[in-house]
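Trainee:
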Amino acid sequence: MAKVLELTFLTAANKPVKLTVDEPHEDLTEGQVEAVMQQVIANNIFRVEESPLATIKSARIVARDTQNIVSR
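First residue of the sequence shown: 6, per the working numbering; consecutive thereafter.
1) What is the DSSP secondary structure of A59, reduced to helix, strand or coil?
2) Distance, Cα to Cα, V53 vs V41?
3) Does A64 pass the burial test, meaning 16 or more other C-beta atoms within 10 Å, or should it be called exposed?
4) Which residues in the same chain as A17 place their Cβ atom closer than 6 angstroms to its Cβ, once the five residues preceding and following it in sequence are excluded?
5) Find out if the Cβ-Cβ distance for the pair L10, I61 is shorter than 7 angstroms.
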């Protein structure tokens, strides 16, 4: 089963931005994830349409189970 950590931020213009990390560690804590998200914001790493990431909106781990029906 594939897992993805989805980190969702809001820009200064209040637009949502989602960053994803494939196969996150199983034992991540809320504190660890929040700390990293705050670092991303503080270091102004990403800008979207000239607007920096400003606040944390959410974080979640999404698990997908893919089943091929037809494969050639």
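No residue lacks a Cβ here, since even glycine has one placed at the ideal position from N, Cα and C. Note that the structure is predicted; figures quoted are calculated from it, not measured.
Mentor: In this structure, then:
1) strand
2) 19 angstroms
3) buried
4) S56, P57, A59
5) no
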